[in-house]
Amino acid sequence: MKSDIKSFLFRTLEELSDGGYSVGVGFQGVEPHFVKSTYSSDWVERYIEQNFIKQDPTIQFGLSRSAYATWEDLEKLYPDSKGFFAEARAFGLLRGNTLSVCVRGQVSILSCSGAHWDDAVLRTASAALYGLAVLVADVDTNKYDPLSPREKEVLNLMTTGSKDQEIANILKIKVETVRARRRSAFLATNTTTIGQLMSEVIKKDLI
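Residue numbers (the UniProt record's numbering): 1 to 207.
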């Protein structure tokens with residue numbers, strides 16, 4: 001049953017794009033639990049070759065908030081991304097859309113080439129992405145724990161007074177990954193400052 005639903009959701013995303021899409025589910029830092037891409041093999045090869053994952057504005061945007069933006073919006077929001085989008089256009093990805101949702105503390109991001117979405121298409125994309133997030137991340141909606149184990153690792157070390165670089169050294173990850181996990185924790189707990197975040201997780205015994 002789950003595989004049938006998943007296949008239906010993937011077909012829905014395919015219908016929303018004219019040159020492929022990429023969906024990452026359950027991000028931990030810049031590493032998704034699951035990823036699927038239907039972009040051309042040439043673009044995927046170029047993306048990997050240039051290590052674009054470190055500067056991809058669609059990921060930066062998606063990890064920073066649950067929201068929708070066109071690629072034109074992202075190019076303005078992240079001026080340093082002009083080179084990235086110029087490369088994408090050279091591979092036929094002329095315009096597109098990016099959507100991010102947070103389900104039980106796990107961020108999922110969809111980027112889809114094609115015309116800008118109207119409200120009806122955005123609702124369809126949101127429903128499909130949310131459905132995939134629930135299925136692929138295997139979220140148990142009856143046992144609500146908004147924080148992933150990797151986010152908890154960072155927060156536990158923060159309670160000891162460890163700074164970002166110290167946490168990165170202990171966990172053998174990049175400082176950017178530490179900060180991305182903390183941003184995910186902000187989203188999951190609906191907090192905006194470190195003080196609020198730590199107060200919330202301690203009060204609710206989340207770590």
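C-beta: ideal position from N, C-alpha, C; glycine also.
Nothing here was measured: the structure is a model prediction, and the numbers come from that model.
The secondary-structure analysis by DSSP pairs N97 across a beta bridge with T70 and C112.
The way I'd put it, the region 47-54 doesn't touch the region 117-134; fewer than three beta-carbon pairs between them come closer than 8 Å. By alpha-carbon distance to S64, the top candidate from A88, L206 and T192 is T192. Counting of Cβ neighbours within 10 angstroms places I194 among the exposed residues, the total staying below 16.
Between the C-alpha atoms of D205 and G131 there is a straight-line separation of about 28 Å. Taking a 10 Å sphere around the C-beta of Q60, we find 16 or more other C-beta atoms and assign the residue as buried.
The secondary-structure analysis by DSSP pairs G24 across a beta bridge with V35 and I109. Within the UniProt domain "HTH luxR-type" (140-205), no beta strand (DSSP E) run of at least 3 residues lies entirely inside it. Just so you know, the alpha carbons of L13 and V201 end up roughly 35 Å apart.
Taking 7 Å as the cut-off, the beta carbon of V107 is found closer than this to the beta carbon of S184. In terms of Cβ geometry, K152 and I109 do not form a close pair [threshold 7 Å]. For Q50, there is no enclosing alpha helix (DSSP H), as DSSP marks it with neither H nor E. One thing to note: V101 has its Cβ no nearer than 7 Å to the Cβ of V25. In the DSSP annotation of this structure, the continuous segment of the alpha helix (DSSP H) that includes D119 starts and ends at D119 to V136.
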